[in-house]
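If you're matching them up, the sequences are chains E and B in order. Position 87, counted from 1, in the first sequence is what full-length UniProt numbering calls 87; the numbers after and before it change by one each time, with no gaps. Position 481, counted from 1, in the second sequence is what full-length UniProt numbering calls 481; the numbers after and before it change by one each time, with no gaps.
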Amino acid sequence: MHPSESLNNKQVALNVHPLRFLLWLMIISITMMFAAFTSAYIVRRGEGNWLEFDMPTGMLINTVIILLSSATIQWAWFAARKDEIGRVKALLVVTFALGVAFLIGQYQVWGELVQNKIFFGGADSNPAGSFVYVLTGVHGFHLVTGLIFLTILLLKAFRYKIHSRQMMAMTNGTIYWHFLGGLWLYLYLFLLLNH
Amino acid sequence: MAATNIPTGGAHAQEAPHVQHHAAGDHHDEHDHHDQHWLFKYVFSQDHKWIAKQFLISGIVWAFIGATLSTLFRIQLGWPEAQLTWLEPLLGRWVEGGKLNPEFYLALVTMHGTIMVFFVLTAGLSGTFSNFLIPLQVGARDMASGFMNMLSFWFFFVAGVIMFISLFLETGPASAGWTIYPPLSALPQAIPGSGAGQTLWLVSMALFIVSQLLGGVNYITTIINLRTAGMSMAKLPLTIWSFFLTAILGLLSFPVLFSAALLLIFDRSFGTSFFLSDIYIGGEALNHVGGSPILFQHLFWFLGHPEVYIVIMPAMGIVSEVLATNARKPIFGYRAMIGSLIGISLLSFVVWAHHMFVTGMNPFLGSVFMFLTLIIAVPSAVKTFNWLATLWRGNIRFTAAMLFAIGFVSLFVSGGLTGIILGNAALDIQMHNTYFVVAHFHLVMGSSAFFGMFAGVYHWFPKMFGRMMDEKLGYVHFWLTILAAYLVFLPMHYVGIAGFPRRYYAYTAYESFNQFGDLNTFISIAAIMAFFAQFIFLFNFVYSIFRGRRATENPWNSTTLEWTTPVEPGHGNWPGAIPAVYRWPYDYSKPGAPEDFIPQHIPYSQTVSSNLPYEKEME
Chain E
1 MHPSESLNNK QVALNVHPLR FLLWLMIISI TMMFAAFTSA YIVRRGEGNW
51 LEFDMPTGML INTVIILLSS ATIQWAWFAA RKDEIGRVKA LLVVTFALGV
101 AFLIGQYQVW GELVQNKIFF GGADSNPAGS FVYVLTGVHG FHLVTGLIFL
151 TILLLKAFRY KIHSRQMMAM TNGTIYWHFL GGLWLYLYLF LLLNH
Chain B
1 MAATNIPTGG AHAQEAPHVQ HHAAGDHHDE HDHHDQHWLF KYVFSQDHKW
51 IAKQFLISGI VWAFIGATLS TLFRIQLGWP EAQLTWLEPL LGRWVEGGKL
101 NPEFYLALVT MHGTIMVFFV LTAGLSGTFS NFLIPLQVGA RDMASGFMNM
151 LSFWFFFVAG VIMFISLFLE TGPASAGWTI YPPLSALPQA IPGSGAGQTL
201 WLVSMALFIV SQLLGGVNYI TTIINLRTAG MSMAKLPLTI WSFFLTAILG
251 LLSFPVLFSA ALLLIFDRSF GTSFFLSDIY IGGEALNHVG GSPILFQHLF
301 WFLGHPEVYI VIMPAMGIVS EVLATNARKP IFGYRAMIGS LIGISLLSFV
351 VWAHHMFVTG MNPFLGSVFM FLTLIIAVPS AVKTFNWLAT LWRGNIRFTA
401 AMLFAIGFVS LFVSGGLTGI ILGNAALDIQ MHNTYFVVAH FHLVMGSSAF
451 FGMFAGVYHW FPKMFGRMMD EKLGYVHFWL TILAAYLVFL PMHYVGIAGF
501 PRRYYAYTAY ESFNQFGDLN TFISIAAIMA FFAQFIFLFN FVYSIFRGRR
551 ATENPWNSTT LEWTTPVEPG HGNWPGAIPA VYRWPYDYSK PGAPEDFIPQ
601 HIPYSQTVSS NLPYEKEME
């Protein structure tokens with residue numbers, strides 16, 4: 001018995017496929033990481049010597065972009081369920097493009113911060129600014145993993161391996177992408193409320 | 001025919017037709033695997049049993065490295081005036097003029113702690129037994145994702161290689177203690193080990209955390225999703241419950257350590273100031289402003305405290321299983337055992353600040369953490385009571401595994417009692433950072449977890465390698481080890497109360513400590529004895545793999561599912577269908593039964609003579 005066979009043929013004890021469950025657990029561990037960062041932010045802020053500054057305006061645009069990409073991947077998911085494979089491919093490409101646009105936008109946010117003399121490190125830096133770089137940077141890293149996931153979905157879509165009867169990967173990708181969007185929304189609101 | 005050592009004859013175990021498979025590599029499902037390259041069978045294997053052995057053997061290697069480091073610093077502590085030129089072949093220039101380099105002493109302490117806590121008692125213990133037992137005991141062919149499981153081991157392996165290389169750096173390995181508190185760990189100017197050694201430490205730990213998360217999500221998913229028919233959560237062996245909760249603790253706490261390590265990396269290499277502020281070192285003021293070293297301690301101990309339960313809970317599960325099997329009695333208070341594990345798991349997340357009573361925290365906050373800490377004594381006492389009640393009037397078989405399990409209970413009680421002292425903020429302020437703390441955690445989590453691990457190795461060795469370990473060597477190993485453990489750590493309480501601070505290179509400069517010089521020598525002799533006793537285990541382990549007595553399918557007459565597999569299970573574990581489960585895992589010495597054990601896969605219809613009134617309807 002090959003392990004991959006055993007996985008697919010196994011009667012599941014819970015009404016969730018093991019791969020789906022693995023995804024949820026990974027989402028939990030990523031959440032814990034950001035919980036650590038944001039709670040460290042609050043604790044550190046409470047100790048004073050905290051630089052107050054306004055969040056770059058680019059962040060709002062990026063938030064809109066990533067929320068749009070959540071909408072397009074959801075649309076792709078609905079299309080996959082209706083076996084509209086052409087539309088799935090198109091929408092995944094759009095989602096991918098929006099993800100890249102978000103990353104470029106975040107990079108420009110960093111530029112905006114540097115222009116405002118909010119530095120990541122060095123003599124003129126303050127943890128208040130460094131935290132913004134860390135939160136956006138680590139989120140950006142996870143967004144790259146999301147883009148890799150999207151690439152895999154695209155490859156599967158082009159090989160006709162995504163359709164109404166084979167939704168596991170598509171659904172997992174959609175969940176992960178929504179999570180990344182939701183995570184950014186949380187971080188953005190957190191920074192707006194606590195800067 | 002298998003050489004049998006079953007004293008009462010295992011009728012149930014003999015039912016399966018595939019008993020006589022013995023030759024190494026003679027896997028029952030060979031036809032599925034004949035095309036597999038040896039590289040993927042023995043090195044990049046995705047079989048959970050093989051990965052478990054990989055973790056076990058790496059763990060043993062690391063345990064010997066960690067123990068060697070401790071022997072080196074015990075030599076220094078026991079004979080601070082001695083000429084150590086004879087160590088030069090091993091340590092090279094870390095011995096200068098017959099004296100151990102004091103900064104290297106700190107490196108030894110740091111690496112001993114790191115290796116033992118993370119590489120041996122986390123990866124070696126959970127990695128081995130979670131991997132080995134979860135699929136076998138829940139009745140699954142393999143882990144949910146064999147590929148991720150393999151990655152988990154290889155991330156651990158690479159982490160180990162990096163940590164090992166750091167031992168040989170010119171500036172020495174990390175030296176800021178296994179807790180790597182900044183600013184000491186953040187500034188290479190502070191101590192040489194905070195240079196490249198600390199960088200490699202952080203990289204290695206980051207990979208280690210990835211390994212733990214990959215393994216942990218797999219353990220949880222397998223237990224939740226892949227249990228065989230009839231295996232409800234309330235029929236799981238306690239080993240599985242403990243591995244399950246351990247994996248959940250790891251999943252929730254290791255990402256937090258990752259965050260802390262990442263911020264520390266930024267502070268060290270990218271000029272940020274998360275943990276650094278207002279530091280004047282080597283005649284110059286650093287431009288780091290605005291950081292808080294206490295913040296690091298909060299982040300570290302939010303992992304660090306659950307980590308001690310990640311270490312001890314698998315040992316608790318193994319001990320529960322071994323005690324019940326060898327006392328030939330159902331585990332006392334099965335549900336209370338699960339409840340107390342859950343209680344310990346929940347509490348482990350809300351007590352971290354008891355490591356920080358002397359950081360100037362608000363005394364009110366301190367008393368909240370003290371209160372929560374002391375509550376942990378309740379589930380711990382429930383477990384201890386249940387273990388003792390399981391032994392009570394049992395038909396005890398003193399196998400080597402059983403001795404280590406009983407030794408675990410003894411060490412856990414001895415070490416746990418001082419936990420109540422240290423959990424009190426008022427007492428901890430006096431005891432903080434003394435040898436009393438060292439003695440406490442070495443007994444309650446260090447030695448205990450090791451004893452749990454030994455119990456597990458002796459008990460499941462037949463299933464892992466198809467052969468038995470030598471019992472007599474096991475007895476010698478046990479008695480030397482438990483004697484040495486107590487002889488090392490009991491006197492440490494005493495010198496701790498006298499005020500010995502931790503991590504000092506020598507105490508000769510202090511008039512008040514001079515009178516304890518003999519005691520320190522005594523502790524060192526006992527520690528060296530403990531170290532040499534482990535070679536008995538090593539010999540027994542290696543010898544038995546190749547030359548041990550052949551094992552039978554179920555040598556301990558145990559009830560759990562792993563003993564229904566062939567002597568050397570192949571990939572897929574059961575040659576035929578996976579057995580279904582009908583009963584809980586502790587039907588030992590059931591009145592009316594012909595044998596003193598009824599395995600989990602025996603339906604009630606076959607045990608009419610022993611069924612209890614409420615079981616009649618399930619016949």
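For each residue, glycine too, the CB sits at the ideal point set by N, CA and C. Remember, predicted model here, so these are calculated numbers, not experimental data.
N-terminal and C-terminal residue of the alpha helix (DSSP H) that B/F168 is part of: Careful: B/F168 lies outside any alpha helix (DSSP H) and carries neither H nor E.
Limits of the alpha helix (DSSP H) - the one that B/I220 falls within: It spans A196 to N225 - the alpha helix (DSSP H) in which B/I220 sits, taken as one unbroken run.
For B/L411 and residue 620 of chain B, the rounded distance between their alpha carbons: For chain B, the structure presents residues 1 to 619; residue 620 of chain B sits outside this window and is missing.
Contact the stretch 282 to 302 of chain B vs the stretch 256 to 273 of chain B: 3+ CB pairs below 8 Å: Yes: at least three Cβ pairs fall under 8 Å.
Entirely enclosed alpha helix (DSSP H) segments - the stretch 74 to 124 of chain E, minimum 4 residues: 85 to 115
Inter-residue spacing [alpha-carbon to alpha-carbon] between B/L443 and B/A485: 8 Å
B/T179 - containing alpha helix (DSSP H), residue span: Note, B/T179: premise wrong, no alpha helix (DSSP H); not H, not E.
B/A464 vs B/K53 beta-carbon contact at 8 Å: Note on identity: in this sequence residue 464 of chain B is Met, with Ala being the wrong assignment. The answer is yes: Cβ separation under 8 Å.
Cross-strand partners of B/P501 (DSSP beta bridge): B/T434
E/Y41 vs E/F131 beta-carbon contact at 8 Å: In this structure, E/F131 lies closer than 8 Å to E/Y41 by Cβ.
Check whether B/A176 and B/I191 have beta carbons under 8 Å apart: Closer than 8 Å, so yes.
B/F55 at chain E interface by Cβ criterion, 8 Å: no
B/I482 at chain E interface by Cβ criterion, 8 Å: no
Own chain partners of B/I209 with C-beta closer than 7 Å, once the 5 adjacent residues on each side are dropped: Exclusion of the five residues before and after B/I209 leaves F254, L257 and F258 as the residues of its chain whose Cβ lies within less than 7 Å of its Cβ.
Where B/L252 meets chain E, residues with beta-carbon distance less than 7 Å: M32
Residue nearest to B/G215 in terms of C-alpha spacing, selected from B/G197, B/L151 and B/F266: B/L151
Stretch-stretch touch, CB-based, cutoff 8 Å, three pairs: the stretch 105 to 120 of chain B with the stretch 519 to 533 of chain B: Touching, no.
Proximal residues to B/T221 (C-beta, below 6 Å), its chain only, five neighbours per side dropped: A144.
Selected residue, minimal CA-CA separation from B/N395, among B/W50, B/S277, B/A159 and B/I331: B/I331
Beta-carbon proximity list for B/W584, same chain, < 6 Å, skipping 5 on both sides: Answer for B/W584: K235, listed in chain order.
Alpha carbon of B/F436 to alpha carbon of B/M445, nearest angstrom: 14 Å
C-alpha gap between B/F541 and B/P555, whole angstroms: 17 Å
Inter-stretch contact at 8 Å, needing at least 3 Cβ pairs: the stretch 319 to 333 of chain B / the stretch 194 to 208 of chain B: Contact fails: fewer than three Cβ-Cβ distances are below 8 Å.
Three-state secondary structure (DSSP) of B/F597: strand
The stretch 92 to 110 of chain E touching the stretch 242 to 249 of chain B, judged by at least three CB pairs closer than 8 Å: no
Enclosing alpha helix (DSSP H) for B/M233 [first to last residue]: Here B/M233 belongs to no alpha helix (DSSP H), and DSSP marks it neither H nor E.
Closer than 7 Å: B/Q515 CB and nearest the ligand NAD heavy atom: The ligand NAD is not among the ligands present in this structure, which contains no ligands whatsoever.
Three-state secondary structure assigned by DSSP to E/H163: strand
Beta-carbon separation (whole angstroms), B/G98 vs B/Q83, contact threshold 8 Å: 4 Å
Whole-angstrom C-beta distance between B/F349 and B/P306, which should lie under 8 Å: 6 Å
Three or more C-beta pairs below 8 Å linking the stretch 27 to 45 of chain E and the stretch 110 to 124 of chain E: no
Segment limits, alpha helix (DSSP H) that includes B/V351: Here B/V351 belongs to no alpha helix (DSSP H), and DSSP marks it neither H nor E.
Which of helix, strand or coil DSSP assigns to B/V608: Here B/V608 carries a helix assignment [DSSP, helix/strand/coil].
B/L417 burial status per 10 Å Cβ neighbour count (16 or more: buried): exposed
Within 8 Å, strictly: CB atoms of E/P56 and B/G291: no
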